[in-house]
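Residue numbers (my numbering), protein chains in the order written: chain A, 735 to 954; chain B, 735 to 954; chain C, 735 to 954; chain D, 735 to 954. Think of the CB as a built atom: it goes at the ideal place given N, C-alpha and C, for glycine as much as any other residue.
Number of protein chains: 4
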Amino acid sequence: MSSKGTPSSIVNAAEELFAEQGFAETTVRQITSRANVNLAAINYHFGSKKGLIQAVAEKFITPLINELSNQMDCYVDTDVKPALDDLLEILMRALLIVRSENQNTLPVFMRLLELAYMNNQEELRDFLIGRYKSRLEHFLDCIRDDSAPMEDDEFFWRLHFMLGSMTFTLSNFQTLHSLEKSRFTSKQSETEMEQILHRMIPVLSAGMQARGEKLYFSKI
Amino acid sequence: MSSKGTPSSIVNAAEELFAEQGFAETTVRQITSRANVNLAAINYHFGSKKGLIQAVAEKFITPLINELSNQMDCYVDTDVKPALDDLLEILMRALLIVRSENQNTLPVFMRLLELAYMNNQEELRDFLIGRYKSRLEHFLDCIRDDSAPMEDDEFFWRLHFMLGSMTFTLSNFQTLHSLEKSRFTSKQSETEMEQILHRMIPVLSAGMQARGEKLYFSKI
Amino acid sequence: MSSKGTPSSIVNAAEELFAEQGFAETTVRQITSRANVNLAAINYHFGSKKGLIQAVAEKFITPLINELSNQMDCYVDTDVKPALDDLLEILMRALLIVRSENQNTLPVFMRLLELAYMNNQEELRDFLIGRYKSRLEHFLDCIRDDSAPMEDDEFFWRLHFMLGSMTFTLSNFQTLHSLEKSRFTSKQSETEMEQILHRMIPVLSAGMQARGEKLYFSKI
Amino acid sequence: MSSKGTPSSIVNAAEELFAEQGFAETTVRQITSRANVNLAAINYHFGSKKGLIQAVAEKFITPLINELSNQMDCYVDTDVKPALDDLLEILMRALLIVRSENQNTLPVFMRLLELAYMNNQEELRDFLIGRYKSRLEHFLDCIRDDSAPMEDDEFFWRLHFMLGSMTFTLSNFQTLHSLEKSRFTSKQSETEMEQILHRMIPVLSAGMQARGEKLYFSKI
DNA sequence: TATGAATGAGCGTTCATTCAT
DNA sequence: AATGAATGAACGCTCATTCAT
Numbered sequence: 735m736s737s738k739g740t741p742s743s744i745v746n747a748a749e750e751l752f753a754e755q756g757f758a759e760t761t762v763r764q765i766t767s768r769a770n771v772n773l774a775a776i777n778y779h780f781g782s783k784k785g786l787i788q789a790v791a792e793k794f795i796t797p798l799i800n801e802l803s804n805q806m807d808c809y810v811d812t813d814v815k816p817a818l819d820d821l822l823e824i825l826m827r828a829l830l831i832v833r834s835e836n837q838n839t840l841p842v843f844m845r846l847l848e849l850a851y852m853n854n855q856e857e858l859r860d861f862l863i864g865r866y867k868s869r870l871e872h873f874l875d876c877i878r879d880d881s882a883p884m885e886d887d888e889f890f891w892r893l894h895f896m897l898g899s900m901t902f903t904l905s906n907f908q909t910l911h912s913l914e915k916s917r918f919t920s921k922q923s924e925t926e927m928e929q930i931l932h933r934m935i936p937v938l939s940a941g942m943q944a945r946g947e948k949l950y951f952s953k954i
Numbered sequence: 735m736s737s738k739g740t741p742s743s744i745v746n747a748a749e750e751l752f753a754e755q756g757f758a759e760t761t762v763r764q765i766t767s768r769a770n771v772n773l774a775a776i777n778y779h780f781g782s783k784k785g786l787i788q789a790v791a792e793k794f795i796t797p798l799i800n801e802l803s804n805q806m807d808c809y810v811d812t813d814v815k816p817a818l819d820d821l822l823e824i825l826m827r828a829l830l831i832v833r834s835e836n837q838n839t840l841p842v843f844m845r846l847l848e849l850a851y852m853n854n855q856e857e858l859r860d861f862l863i864g865r866y867k868s869r870l871e872h873f874l875d876c877i878r879d880d881s882a883p884m885e886d887d888e889f890f891w892r893l894h895f896m897l898g899s900m901t902f903t904l905s906n907f908q909t910l911h912s913l914e915k916s917r918f919t920s921k922q923s924e925t926e927m928e929q930i931l932h933r934m935i936p937v938l939s940a941g942m943q944a945r946g947e948k949l950y951f952s953k954i
Numbered sequence: 735m736s737s738k739g740t741p742s743s744i745v746n747a748a749e750e751l752f753a754e755q756g757f758a759e760t761t762v763r764q765i766t767s768r769a770n771v772n773l774a775a776i777n778y779h780f781g782s783k784k785g786l787i788q789a790v791a792e793k794f795i796t797p798l799i800n801e802l803s804n805q806m807d808c809y810v811d812t813d814v815k816p817a818l819d820d821l822l823e824i825l826m827r828a829l830l831i832v833r834s835e836n837q838n839t840l841p842v843f844m845r846l847l848e849l850a851y852m853n854n855q856e857e858l859r860d861f862l863i864g865r866y867k868s869r870l871e872h873f874l875d876c877i878r879d880d881s882a883p884m885e886d887d888e889f890f891w892r893l894h895f896m897l898g899s900m901t902f903t904l905s906n907f908q909t910l911h912s913l914e915k916s917r918f919t920s921k922q923s924e925t926e927m928e929q930i931l932h933r934m935i936p937v938l939s940a941g942m943q944a945r946g947e948k949l950y951f952s953k954i
Numbered sequence: 735m736s737s738k739g740t741p742s743s744i745v746n747a748a749e750e751l752f753a754e755q756g757f758a759e760t761t762v763r764q765i766t767s768r769a770n771v772n773l774a775a776i777n778y779h780f781g782s783k784k785g786l787i788q789a790v791a792e793k794f795i796t797p798l799i800n801e802l803s804n805q806m807d808c809y810v811d812t813d814v815k816p817a818l819d820d821l822l823e824i825l826m827r828a829l830l831i832v833r834s835e836n837q838n839t840l841p842v843f844m845r846l847l848e849l850a851y852m853n854n855q856e857e858l859r860d861f862l863i864g865r866y867k868s869r870l871e872h873f874l875d876c877i878r879d880d881s882a883p884m885e886d887d888e889f890f891w892r893l894h895f896m897l898g899s900m901t902f903t904l905s906n907f908q909t910l911h912s913l914e915k916s917r918f919t920s921k922q923s924e925t926e927m928e929q930i931l932h933r934m935i936p937v938l939s940a941g942m943q944a945r946g947e948k949l950y951f952s953k954i
């Protein structure tokens, strides 16, 4: 299951621990211990803990973006504009494909996105933006084309409302899954991550297509 | 509002630092230093750093729930069922009121919710659930009454999609605000937090009211 | 012998180890171990290892400068200008007094001066210059008054020739002492540090009073 | 001069870094990185970091001693005894010649001498003494012949006062040069290392020829 | 002959907490 | 009630060296 080689063992162990505990809470000693490698190996192969986190990020995002691009190519030679639901399904499908190649570690990827938006993480943010922004633009343009008409800034914020739904739900999937099971024990809900991604599509889609803004509420 | 007393100074300083840096990243030294109190004061007054975090949580959530209850009382003697948009506006309004009483620290509250959903945070989660769950149920029932008809589990997840939008957007407000300003410099966008809360209402509302689910995508 | 209190124990242990091994070669674990205090005590009391080195520096230099000033005050109300030999004797005497208050640790002080002149030690250098430069100026002026007439830059370099003799001899006193004993075993030379300081006076004095410069040698 | 071969590249890189930072402060990674060779190459070719330092030492001292011997041969067939100033000029000249063959790395040589006099460096000291002591004796005898009459031990110490001036001034030349420039900006002093060596001659000479010792100062 | 990978030991520092007063 | 001092544990990281090829 684990690939060959020390760097690969490290990345695999790190993914598990990052998913279980978060980045700051996971120590290099825990990682190297679980990977059965020397304590210094992380610094040797990745330069620093930060470098390892970036390596983990790349391992996820690169195939995700590739898969997204591949799926979008279906539309490139036709006049058909993809519907919002279809675009979101492409996105969810890409996430699931990446997950199938990185057993059970979608939460790590989502935590990475959350991390990138935190203060004091400009470095990671700039790294990701510099590396992947351009490759995402076509996809986002298509999203916008089937969304309700709106200003640039409104689109910016709605995209992040969407992103928030995804990162919160997936990075805390384990907790939410437990909560759901303990509340609705009767139904023996087989809530798997795939199902949750599926549930998200009509909700997010409706959010992007919602028209009109409520009037600003008076100052309080 | 004023900060008479050591415990109060500590809580105020902690709020600021938690908002700026997150909980794990904020040290008790930073807190006591900013509060101009002794290093040992946190352990003395709150038992531990965790105890302080709970104290901060209570300071936010109690007035929030109170405000929410007050607003809901308007409907209690009538047959009028509040519309989803109105319920969300009540929620946003309550958030803004709490904010006005705890200058600029809505992000802390949102980070607290995120924290409560993390693994290894059962203690905080149980604390919040045990303390506030019952007082939220009426509000949530009203939400459900104006949402699209759906199963319990679907409602559970949609609520958390909503929660994700709110926590992600508000806890990372500073970063998102910067990103928006650097992208759309021309418009001199005066994006304030109030405006963002306002923008969220129709989006979240549409999400909860979205009908029909896409067919499950085939296994991959 | 050792003063009371943790900081004092640390400084005493540090002095010994710095003298034996140098600054970089001495670890905080060695220091805290010899001082029988907790490993974290250095950072608690001095902020960092660098802070401890500065504290050691101050403990030496402050009384040295004070002693120097006291001795120089003898000349302040008279018209007598002190002779170069007398000035050097004042200096040596001040060094010995400081040594008598900090048992056997003149080598540490000399190593400190050497350290301050190294690259990448601007911080220490600036610290010392900012703190003590002005208090040394009168003494240096008197030195110059009884030296051979020379330009500013020539005086600057001759002062440092002198400083080099002192730092090299004293910071390596232990090694030199051993070498001397092994070479001249017959004489059972009782070379003590006081004697060496004494030997230096006529040599340094002659150097400062040497007149005329040799012609520049041709380019090679 | 050219750097064909891995060992040669290593030595050249090491010289530069030793001059800039000192021996302990320079890591084998820095050296191999600047030399563009494998990290293990130092241990492979020189056994250890210490072995490399010895190799650097030899590269300097052997030609220095050779040059010194050559110059001294001028006097071998005559009855003329060289004057102290001439001997010092021969020494300075030899240093400059070695420097011209090892671009700008006189400070390294001086640091090497300082290092050899430190505690815990018996190995290096013994290596140098065993290799070069005998070849220096004639030169030192000539020095003594034109110095003031003195006992063996007095001569031993005066030699090291001289050595201290040289090592301190040259190994810290960069710092001293900066200090001088910042103090005497007006004169646009073209202080080069050659000039400093030149300035040293009359000072050191006078020191060696100084007669009479001051009376021992009373115990304090 | 030469190297990329790996290692054990140790580094200075920081942490939340506790102790003695 | 409150605090300055102190602590044990752990942190990420770097070191010169060695190993397997």
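Span of the alpha helix (DSSP H) holding residue i?
| i | result |
| --- | --- |
| C/Q764 | V762 to R768 |
| D/D875 | E856 to D879 |
| A/F843 | L840 to A850 |
| B/K738 | Note, B/K738: premise wrong, no alpha helix (DSSP H); not H, not E. |
| A/E835 | L818 to E835 |
| C/G756 | Note, C/G756: premise wrong, no alpha helix (DSSP H); not H, not E. |
| A/N853 | Counting along the chain, A/N853 falls outside any alpha helix (DSSP H), and DSSP gives it neither H nor E. |
| C/R917 | F907 to R917 |
| A/L798 | K783 to D807 |
| D/V814 | Unbroken run through D/V814: none, as it is neither H nor E. |
| A/P936 | M927 to Q943 |
Measuring alpha carbon to alpha carbon, tell me which residue in the options is nearest residue i.
| i | options | result |
| --- | --- | --- |
| A/G941 | A/T901, A/A850, A/A828 and A/I877 | A/I877 |
| B/I935 | B/E871, B/F873, B/C808 and B/M896 | B/M896 |
| C/D820 | C/S905, C/S868, C/S939 and C/T839 | C/S939 |
| D/F752 | D/Y778, D/P741, D/N777 and D/K783 | D/K783 |
| B/P797 | B/I831, B/R865, B/H932 and B/S767 | B/I831 |
| D/N800 | D/H779, D/R933, D/I824 and D/V745 | D/I824 |
| B/N854 | A/Q929, A/N746, A/M927 and A/S912 | A/S912 |
| C/E749 | C/S905, C/F873 and C/E871 | C/S905 |
| B/M884 | B/Q943, B/N804, B/G898 and B/Q929 | B/Q943 |
| C/L849 | C/M927, C/A791, C/E871 and C/Q837 | C/A791 |
| C/K867 | D/R917, D/E928 and D/L773 | D/R917 |
If residue i sits next to residue j, beta carbons under 8 Å apart, how far is it from one beta carbon to the other, in whole angstroms?
| i | j | result |
| --- | --- | --- |
| C/L846 | C/F889 | C/L846 to C/F889, Cβ: 23 Å. No contact. |
| C/V762 | C/S743 | Wrong, their Cβ atoms sit about 14 Å apart, outside the cutoff. |
| B/T901 | A/F902 | 6 Å |
| A/L893 | A/M826 | Rounded, the Cβ-Cβ distance is 16 Å, inconsistent with contact. |
| D/L802 | D/F861 | With 8 Å as the limit, D/L802 and D/F861 do not qualify as a contact, their Cβ atoms being about 19 Å apart. |
| A/R859 | B/W891 | So it is not a contact: roughly 29 Å between Cβ atoms. |
| B/D875 | B/K815 | Going by Cβ atoms, the distance from B/D875 to B/K815 rounds to 10 Å, so no, they are not a contact pair. |
| C/T909 | D/Y851 | 5 Å |
Determine which residues of the stretch 740-761 of chain B have a Cβ less than 8 Å from any Cβ of chain A, and write them out in chain order. Within the stretch 740-761 of chain B, the qualifying residues are E754, Q755, G756, A758 and E759.
Scan the stretch 922-945 of chain B for residues whose Cβ lies nearer than 9 Å to a Cβ of chain A and list them as they occur along the chain. So the close ones are S923, T925, E928, Q929, I930, L931, H932, R933, M934, I935, P936, V937, L938, S939, A940, G941, M942, Q943, A944 and R945.
Across the stretch 816-831 of chain B and the stretch 757-765 of chain B, are there enough close Cβ pairs to call them in contact, namely three or more that are closer than 8 Å? In the pairwise beta carbon analysis, the stretch 816-831 of chain B is classified as not touching the stretch 757-765 of chain B: fewer than three pairs are separated by under 8 Å.
Cβ contact check for the stretch 768-788 of chain D and the stretch 832-845 of chain D: 3 or more pairs under 8 Å: These segments do not touch.
Residues of the stretch 852-869 of chain A with Cβ closer than 7 Å to any Cβ of chain B, in chain order: Result list: M852, N853 and N854.
Name, going along the chain, the residues of the stretch 866-895 of chain A whose beta-carbon falls closer than 7 Å to a beta-carbon of chain B. Contact residues of the stretch 866-895 of chain A toward chain B are D886, D887, E888, F890, W891, R892, H894 and F895 (C-beta to C-beta distance below 7 Å).
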